[in-house]
Amino acid sequence: MIQKSPESPAYDEHIGVPLVLDHVSVSFSTPSGPARAVNDVSLTLNQGEILGLVGESGSGKSTLAFTIMGLLPDGAQFDSGSVRVLGSDLYGMNPETLRTFRWKRIAMVFQSAMNALNPVMTVEAHIMDTLQSHNPGIRPEDARRRMNEILDLVKIDPRRARSFPHELSGGMKQRIVLAIAMIFNPPVLLMDEPTTALDVVVQRSILDQVREIQAERQMAILFISHDFSLVRSLAHRVAIMYAGRIVEITGSLERSGPHHPYTEGLMRAIPELGEDDVKIVGIPGNPPDLLHLPEGCPFHPRCPVAFNRCKVEAPPMVQVNDALIACHQYTEPGKEGLA
Ligand code: SF4
Numbered sequence: 001m002i003q004k005s006p007e008s009p010a011y012d013e014h015i016g017v018p019l020v021l022d023h024v025s026v027s028f029s030t031p032s033g034p035a036r037a038v039n040d041v042s043l044t045l046n047q048g049e050i051l052g053l054v055g056e057s058g059s060g061k062s063t064l065a066f067t068i069m070g071l072l073p074d075g076a077q078f079d080s081g082s083v084r085v086l087g088s089d090l091y092g093m094n095p096e097t098l099r100t101f102r103w104k105r106i107a108m109v110f111q112s113a114m115n116a117l118n119p120v121m122t123v124e125a126h127i128m129d130t131l132q133s134h135n136p137g138i139r140p141e142d143a144r145r146r147m148n149e150i151l152d153l154v155k156i157d158p159r160r161a162r163s164f165p166h167e168l169s170g171g172m173k174q175r176i177v178l179a180i181a182m183i184f185n186p187p188v189l190l191m192d193e194p195t196t197a198l199d200v201v202v203q204r205s206i207l208d209q210v211r212e213i214q215a216e217r218q219m220a221i222l223f224i225s226h227d228f229s230l231v232r233s234l235a236h237r238v239a240i241m242y243a244g245r246i247v248e249i250t251g252s253l254e255r256s257g258p259h260h261p262y263t264e265g266l267m268r269a270i271p272e273l274g275e276d277d278v279k280i281v282g283i284p285g286n287p288p289d290l291l292h293l294p295e296g297c298p299f300h301p302r303c304p305v306a307f308n309r310c311k312v313e314a315p316p317m318v319q320v321n322d323a324l325i326a327c328h329q330y331t332e333p334g335k336e337g338l339a
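This note's numbering puts the first residue of the sequence shown at 1, with every later residue one more than the last.
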């Protein structure tokens, strides 16, 4: 049974929807001009939900995660839109409020984070450092109790708190990183490729645990991965990202199948776990250069069912059953193929 921490800000249904992105656009300055890495993205993450975010490398997934955390790197610019976390406008906060808000209300497990653990600091030092820097008044005995609770939660024996990172396996380091992200029991958690470097068995074990903690605490998790099969097995809904845009948001790939040609391509490119006889078919071509996006639908040079309109007009997002899809096929089916 997972114990709730006394200082944890358990989810309060009156404080707002965990995460709402409204027409968010972000670009990078480059010598050749701005590169639009996140383009007019709108989505909602609900309480108690795992929303998967999938796309090829360079599709904008990680930039979107950093945007949500208010941690855009130098050279990146928040162009427009709003990011609301638990009802609060993240880009309307002063820096001090944002610093407190981050970690306690929304936290992130970064890509390759386990490799970022300081090799000369013990597990205990990492956790106590995080606890004390965000909670300066915490008594040492309370900090230690919280550390033991959180290690217990991620199934690490608290006696390993004195270990250095090099004394731990990859799976243990990843659990430590997860523990640090969850130290204040944030209601909203972003996970960016959290298990990519681990073997399949360890990966499954950690993800089973994430699912258990998430269900117990009714957390809202945005789970980012290029691995469609992993996301499908974990998430309640899936958002597909291509060239900085969300092209499909769907809840039931099993029931109604993929709708967007890019989603179909991704599913064919990565078979489900256990599907041994499935022929893997990659998506032809490469993702577009963000500095030179094609006119119209950015997927049209790679799309097997593109038609003339696709070359000149970006498709709007439309509702099809329980999915949202940005593809002209759903507003104008049966058009002739491209010459
Ligand atoms: Fe393909 Fe056209 Fe749909 Fe884009 S809008 S995915 S090019 S059919």
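Don't be surprised by glycine CBs; every beta carbon is placed ideally from N, CA and C.
- Excluding the 5 residues flanking it on each side, R105 has same chain C-beta neighbours closer than 7 Å at P9, V85, L86, P186, P187 and V188, in chain order.
- Closer than 7 Å to some heavy atom of the ligand SF4: that does not describe the Cβ of F28.
- The three-state reading of DSSP puts H328 in helix, counting H, G and I together.
- Proximity of the beta carbon of V305 to the ligand SF4 is indicated: a heavy atom of the ligand is located closer than 7 Å.
- With a 10 Å radius around the Cβ and a threshold of 16 neighbouring Cβ atoms, S112 comes out exposed.
- Take P298, set aside five residues on each side of it, and the residues of its chain with a beta-carbon closer than 6 Å to its own are A243 and P288, in chain order.
- When the alpha-carbon of L266 is set against those of D227, Q214 and L98, the nearest one is in D227.
- Counting the other CB atoms within 10 Å of its CB gives Y262 a total of 16 or more, which places it among the buried residues.
- The criterion of a C-beta distance shorter than 8 Å is satisfied by I50 and F223.
- Close CB contacts of V305 within its chain, under the 7 Å cut and outside five residues either way in sequence, are with P261 and Q329 (chain order).
- The region 9-50 is shown to contain whole beta strand (DSSP E) runs of 3 or more residues at 19-30 and 33-45, in chain order.
- Burial of R102 is indicated by the presence of at least 16 other C-beta atoms within 10 angstroms of its C-beta.
- G52 is bridged by DSSP to F223 and V238.
- With a threshold of 7 Å, the Cβ atom of P158 does not count as near the ligand SF4, since no heavy atom of the ligand is closer than that.
- The beta carbon of E124 lies closer than 7 Å to those of M147, A161 and R162 in the same chain, with the five residues before and after it left out.
- Judged by beta-carbon spacing, Q203 lies beyond the 8 Å limit of V154, meaning their Cβ atoms are not closer than that value.
- Nearest to V247 by C-alpha distance, out of N308, A323 and L198, is A323.
- If you look at E141, you'll find it in the alpha helix (DSSP H) that goes P140 to L153.
- In terms of Cβ geometry, V26 and D79 form a close pair [threshold 8 Å].
- Distances between the C-beta of Q329 and the heavy atoms of the ligand SF4 include at least one below 7 Å.
- Between H166 and P119, the beta carbon gap of about 6 Å places them in contact (Cβ cut-off 8 Å).
- Take the alpha-carbon of H292 and the one of P284: they are about 18 Å apart.
- DSSP places G92 in the helix class (H, G or I) of the three-state scheme.
- In this structure, P18 lies near L45, with their beta-carbon atoms less than 8 Å apart.
- G52 sits close to A239, with the two beta carbons spaced by under 8 Å.
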